[in-house]
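*Asks:*
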Amino acid sequence: MKTEEIIQLAQDIKNQYGGNPIKICIALGIKINYINLKPNIYPAYTLKISEKPIINLNSHFTTNSQKVLCAHELGHVLMHDDKLLNQFGDEHNGIEEYEANLFAVALLFDQDDLNIDMSNMDNYLLKELLDVNIKLKV
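Structure below.
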């Protein structure tokens with residue numbers, strides 16, 4: 001997808017369902033599981049079982065962090081549904097990760113609150129913007 005199309009998709013979703021990715025998943029019928037695995041290995045991942053995506057969020061992270069992780073995984077579900085795997089591991093390529101990160105940033109942040117246009121951000125900057133908002137529970 002083109003950068004502008006990804007941003008527009010996120011904005012359309014936000015306008016229709018609000019900006020909380022967990023509530024968006026519920027509205028779209030996407031199941032969310034909370035898992036208890038090592039957070040440095042599996043912060044979040046998505047499986048597709050019987051043609052239905054399931055987003056798995058690590059319970060070791062704060063609620064806000066789970067929303068950030070969910071927004072990224074929701075991007076994969078909406079844009080890369082045909083490539084969701086029924087196995088552990090990072091099978092997504094760099095372009096897919098960029099697209100999921102851009103979707104998450106566009107869903108969670110307003111352009112007016114950022115110093116750089118989202119469409120000009122590279123994957124490093126998008127990932128940093130998301131990662132700074134991901135924290136383990138104390």
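If you count the sequence shown from 1, position 79 lands on 79 in full-length UniProt numbering, and the numbers rise without skipping. Ideal placement from N, C-alpha and C gives every residue a C-beta, glycine not left out.
Provide the residue span of the beta strand (DSSP E) that contains Lys48, from first to last.
*Replies:* 44-49
*Asks:* How many Å lie between Thr63 and Glu5 at the Cα?
*Replies:* 28 Å
*Asks:* Using the DSSP secondary-structure output, state which residues sit across from Asn58 in a beta bridge.
*Replies:* Asn58 is bridged by DSSP to Ile35.
*Asks:* Can you tell me whether Glu73 is buried or exposed, with buried defined as 16 or more other CB within 10 angstroms of its CB?
*Replies:* buried
*Asks:* For Glu128, is the classification buried or exposed, using 16 other Cβ atoms within 10 angstroms of its Cβ as the cut-off for buried?
*Replies:* exposed
*Asks:* Cβ of Leu9 versus every heavy atom of the ligand SAH: is any distance shorter than 8 Å?
*Replies:* Of ligands this structure carries none, so the ligand SAH is not represented either.
*Asks:* Quick check: what's the CA-CA separation for Asn36 versus Asn101?
*Replies:* 23 Å
*Asks:* Is the Cβ-Cβ distance between Leu69 and Leu78 less than 9 Å?
*Replies:* no
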